[in-house]
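Participant: Questions regarding the structure given below will be posed in turn.
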Amino acid sequence: RGDFYYNRQLFETAAADYKKATELQPGLAISFTRMGMCMEALDRIQEAYDCYDYALKLSPGDNTVIAYKGDALLKLKKYNDALNCYFEAISGDNNNEAALNGLASAIEEAPDALIAKLRAQRIKNPKEEIWTVILATTLKINKEYDEAIALFKELQKDDQSTDYYSSIAECYQLAGNYPLAIKYIEKAIENDPENYEHVFNKANYLYYMGQYDKAIEAANMCIEEYPDKGAFYAFRSMLQMCKKNYEKAYADVNTAINLGEDDTDSRFLRARALLFLGRNDEAMADLNVVLADTADAYHHAFAEFFMGNKEAALQQFDTLASKSSDDTYKLYNLACAYAMMNEKDKALRLLEQCFETGFYAFTQARNDVDFDNIRETPEFNALITKYEERLQKKLESMKDDEDADQYEEVTCEVPYTKKGGITQVKCEVNGLPLHFIFDTGASTISISSIEALFMLKNEYLSEKDIVGSSYYSDANGEISEGTVINLKEVKIGDAIIHNVRASVVHNQKAPLLLGQSAFQKFGKMEIDNDKKVVTITYKKKK
């Protein structure tokens, strides 16, 4: 019954039931935990701490309760003790949601203390990857991008997880280095082509760069794969608005709304497209819906403006501006609003505040239709130029350790043998010598289950290398299902590739095939039938 009341946010009533439960069964830890949750919800933090502390005396080692105790300590501003609790919970369970959420709160409350303790924890436990992951993520949130990127790259060397490539890309994007953001999101796509979140992220990065046609191409790929996902149509509508293709923008956002993406954002976007098309009556219908959403203050103020109530809109925007001193995208939207209302000085002031918080999409700002009223003013162009030059100086020191000038193109020749028309080469997989068949029609490397089990038993593979399952094709065009594994290193001659996916065929007699997923990573591969060698041209670090 206490849970019933708690779930309905009747915390005082729930606490009374939990207290009664502790009296009926004094040794039941969960009753004290639940009572602590009520006390925390009622902002009676010391009482919450006491409840969690007692629950742990009854049930030591409960990682979730340890994390809850950390939450109470964090609210009591006992940061070191709080972090110790979170670290203890994560050491016991790397995926403990309560502890990870607690660390997310700690980033806001005590970032310096958290980063210092994470660095120490990483040194003390060098084999526990979780501390590197958390430190890198914390540094990213704290806008310490260079160190975050270095750590994510270190993680990527040991783990095929595309999350690290996408995290590297996100860091570069947040730092304003869009070319490298594109480079690494493309690596994420290459490693996991079925994850359209990466394709969508690429579309966003291209949008920030002002490359609308390429962004639309990426959005098209997302829509082709997920034709019933309204959010993709809404995003493409925004891109069409940037290109001033208002008919296409209207068609896309209309589709998004009809597919269920019927929220204030979409209604506002459709209203704007309709206004540009001169269909004012239809636009007013959508703006009335936006106006009814009093919880969305930004769109509410925009709706007031487009409906002709400039003074009311201006008053609302002034109120919002006074509360948005460090929110990058709110500042940008406010600058857009003031520009549309011909409030040039306010627009420039908010835009400069936006740039100071780390907004680097300068090409997008130059092209944004919302700035049409001030675009040609010398102050607008001088402001953007000032921050473009500042960013350029910063990016000169941000080098990618995979830059082309650090690599040279080399060639190696590897002998092959032919049996019955089949080309075989010697290679090493994670240090294990094997013979593979060249199969240009195969989509991936594939190995039989017997080889995979041997590698697993003899530590050439670990359970962490098992990625999942997928379908693959062979040279005959046949489609089969297999387990997907990550091969940390594949070596042919002197050429080495890292983190390449392979399919485990559930057939003990299946041959070992070297397919396209390997060929693409090695570089240029040619078979010289006269010399009976495979020539591999690849890039090697100098």
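Take 533 as the starting number for the sequence shown in the working numbering and just add one per residue.
Backbone N, C-alpha and C fix where the C-beta goes; we use that ideal spot for every residue, glycine too.
1) Can you look up SER978 in the DSSP assignment and give me helix, strand or coil?
2) By the 10 Å Cβ neighbour count, where 16 or more other Cβ atoms means buried, how is ARG768 classified, buried or exposed?
3) Give the straight-line distance between the Cα atoms of ASN1039 and SER981, rounded to the nearest whole angstrom.
4) Please work out which residues of its chain come closer than 8 Å, Cβ to Cβ, to PHE732, disregarding the five sequence neighbours upstream and downstream, and give them in chain order.
5) State the DSSP-derived secondary structure class of GLN743, mapped to helix, strand or coil.
6) Would you say the segment 699-719 touches the segment 1019-1035, given that touching needs at least three Cβ pairs under 8 Å?
7) Based on DSSP bridge pairs, tell me the residues matched to ALA1027.
8) DSSP beta-bridge partners for ILE969?
9) Identify the continuous beta strand (DSSP E) that holds ASP1060 and give its terminal residues.
10) Counting Cβ pairs closer than 8 Å, one from the segment 924-934 and one from the segment 771-790, do we hit at least three?
11) Let me check understanding here. Comparing Cα to Cα, which of GLU875, GLN885, GLU940 and PHE887 lies closest to THR909?
12) Spatial neighbours of LEU1045 within its chain, please: C-beta separation below 6 Å, excluding the five flanking residues on both sides.
13) Nearest by alpha-carbon distance to LEU852: which of ILE717, ASP797 and LYS878 is it?
14) Just the C-alpha distance for ALA1027 and THR664, rounded to the nearest angstrom, thanks.
15) For the pair the segment 913-922 and the segment 656-674, tell me if three or more CB-CB distances fall below 8 Å.
16) Hey, which unbroken runs of the alpha helix (DSSP H) at 4 residues or more fall wholly within the segment 749-825?
17) Taking 9 Å as the cut-off, decide whether the C-beta atoms of GLY1025 and VAL946 are in contact.
18) How far does the alpha helix (DSSP H) with ASP644 in it reach, from first residue to last?
19) My parser needs the beta strand (DSSP E) runs of 3 or more residues fully inside the segment 689-724; what are they?
20) Can you check whether the CB of ALA631 is closer than 9 Å to the CB of THR596?
21) Which residues mark the beginning and the end of the alpha helix (DSSP H) in which SER623 is found?
22) Might you give, ordered along the chain, the residues of its own chain that have their beta carbon closer than 7 Å to the beta carbon of TYR550, omitting 5 neighbours on each side?
23) Would you tell me roughly how many angstroms separate the C-alpha atoms of GLN705 and ALA547, rounded to the nearest one?
24) State yes or no: is the C-beta of ILE681 within less than 9 Å of the C-beta of ILE700?
25) Under a Cβ-count criterion, where at least 16 other Cβ atoms within 10 Å of its own Cβ denotes burial, should TYR636 be classed as buried or exposed?
26) Using only CA atoms, which one of LYS1041, TYR948 and LYS1056 lies nearest to LYS1063?
27) Assign HIS832 to one of two classes, buried (16 or more other C-beta atoms within 10 Å of its C-beta) or exposed (fewer than that).
28) Assuming the contact rule is C-beta atoms closer than 8 Å, THR943 and THR1067 should be a hit. Round their C-beta distance to whole Å, please.
29) Determine whether the beta carbon atoms of PHE808 and MET773 lie at a separation below 9 Å.
30) Short of 6 Å in beta carbon distance, which residues of its chain neighbour GLU729, apart from the five on each side in sequence? Order them along the chain.
31) Which same chain residues, not among the five before or five after ALA561, have their C-beta less than 6 Å away from its C-beta?
32) Grab the span of the alpha helix (DSSP H) containing ALA573 for me, first residue to last.
33) What do you reckon, are the CB atoms on TYR677 and GLN688 nearer than 9 Å?
34) On the three-state DSSP scale, how would you describe LYS931?
35) Taking DSSP's pairing of strands, which residues face LYS951 in a bridge?
36) Tell me whether GLY762 is buried or exposed, calling it buried when 16 or more other Cβ atoms sit within 10 Å of its Cβ.
Facilitator: If we stick to the structure as given:
1) Locating residue 978 in the sequence shown gives position 446, where the first residue counts as 1. Strand, per DSSP.
2) Stepping through the sequence shown from its first residue, residue 768 is reached at position 236. Buried, by the Cβ-count rule.
3) Within the sequence shown, residue 1039 is the residue found at index 507, counting from 1. Within the sequence shown, residue 981 is the residue found at index 449, counting from 1. Distance between the alpha carbons of ASN1039 and SER981 is about 6 Å.
4) As a first step, residue 732 must be located in the sequence shown, where it is residue number 200. Hits under 8 Å: ALA750, ALA751, CYS754, PHE764 and PHE767.
5) The residue you call residue 743 lines up with position 211 of the sequence shown. Correct three-state label for GLN743: coil.
6) no
7) In the sequence shown, counting from the first residue as 1, residue 1027 sits at position 495. Paired residue(s): ILE1024.
8) Reading the sequence shown from its first residue, position 437 is the one you call residue 969. The partner list for ILE969 (beta bridge, DSSP) reads GLN956 and LEU1045.
9) Walking along the sequence shown from the start, residue 1060 turns up at place 528. Looking at the DSSP string, the run of the beta strand (DSSP E) that includes ASP1060 is 1056-1060.
10) no
11) On the sequence shown, residue 909 is found 377 positions in, with the first residue counted as 1. Here the closest residue by C-alpha is GLU875.
12) Here residue 1045 refers to the residue found at position 513 when the sequence shown is read from its first residue. The answer, listed in chain order, is ILE969, ASP971, ALA974 and SER978.
13) Within the sequence shown, the letter at position 320 stands for residue 852. The option with the nearest alpha carbon to LEU852 is LYS878.
14) Translated into the one-based positions of the sequence shown, residue 1027 becomes position 495. Translated into the one-based positions of the sequence shown, residue 664 becomes position 132. Their backbone Cα atoms lie some 29 Å apart in a straight line.
15) no
16) 762-774, 778-790, 796-808 and 812-824
17) Within the sequence shown, residue 1025 is the residue found at index 493, counting from 1. Within the sequence shown, residue 946 is the residue found at index 414, counting from 1. Yes, the Cβ-Cβ distance between GLY1025 and VAL946 is below 9 Å.
18) Taking the first residue of the sequence shown as 1, we reach residue 644 at position 112. Looking at the DSSP string, the run of the alpha helix (DSSP H) that includes ASP644 is 643-656.
19) none
20) Here the question's residue 596 lines up with position 64 in the sequence shown. Here the question's residue 631 lines up with position 99 in the sequence shown. Yes. Within cutoff.
21) Translated into the one-based positions of the sequence shown, residue 623 becomes position 91. Element bounds for SER623: 611-624.
22) Looking up residue 550 in the sequence shown gives position 18. Excluding positions up to five away in sequence, the list reads GLY534, SER563, ARG566, MET567 and CYS570.
23) Taking the first residue of the sequence shown as 1, we reach residue 705 at position 173. Taking the first residue of the sequence shown as 1, we reach residue 547 at position 15. Their Cα atoms are separated by approximately 47 Å.
24) Against the sequence shown, residue 681 aligns to sequence position 149. Against the sequence shown, residue 700 aligns to sequence position 168. Cβ atoms of ILE681 and ILE700: closer than 9 Å.
25) Counted from its first residue, the sequence shown places residue 636 at position 104. The displayed chain sequence assigns Ala, not Tyr, to residue 636. Answer is exposed; the Cβ neighbour count stays below 16.
26) Taking the sequence shown and counting its residues from 1, the one referred to as residue 1063 is at position 531. Ranking the options by Cα distance to LYS1063, first place goes to TYR948.
27) The sequence position of residue 832 within the sequence shown is 300, counting from 1. HIS832 comes out buried.
28) What you label residue 943 is simply residue 411 of the sequence shown in a count that begins at 1. What you label residue 1067 is simply residue 535 of the sequence shown in a count that begins at 1. Going by Cβ atoms, the distance from THR943 to THR1067 rounds to 6 Å, so yes, they are a contact pair.
29) On the sequence shown, position 276 is the one that residue 808 refers to. On the sequence shown, position 241 is the one that residue 773 refers to. Yes. Within cutoff.
30) As a first step, residue 729 is located in the sequence shown; it is residue number 197 there, counting from the start. Cβ within range, chain order: n/a, list empty.
31) Taking the first residue of the sequence shown as 1, we reach residue 561 at position 29. These residues qualify, in order along the chain: ALA587, LEU590 and SER591.
32) Residue numbering aside, residue 573 sits at position 41 when the sequence shown is read from its first letter. Note, ALA573: alpha helix (DSSP H), 561-573.
33) Position 145 of the sequence shown, counted from the start, is the residue given in the question as residue 677. Position 156 of the sequence shown, counted from the start, is the residue given in the question as residue 688. Cβ distance not < 9 Å, so TYR677 and GLN688 don't count as in contact.
34) Walking along the sequence shown from the start, residue 931 turns up at place 399. Note: LYS931 maps to coil in three-state DSSP.
35) Within the sequence shown, the letter at position 419 stands for residue 951. Answer by DSSP bridge pairing, in chain order: ILE954.
36) Indexing the sequence shown from 1 puts residue 762 at position 230. With 16 or more Cβ atoms within 10 Å of its Cβ, GLY762 is classed as buried.
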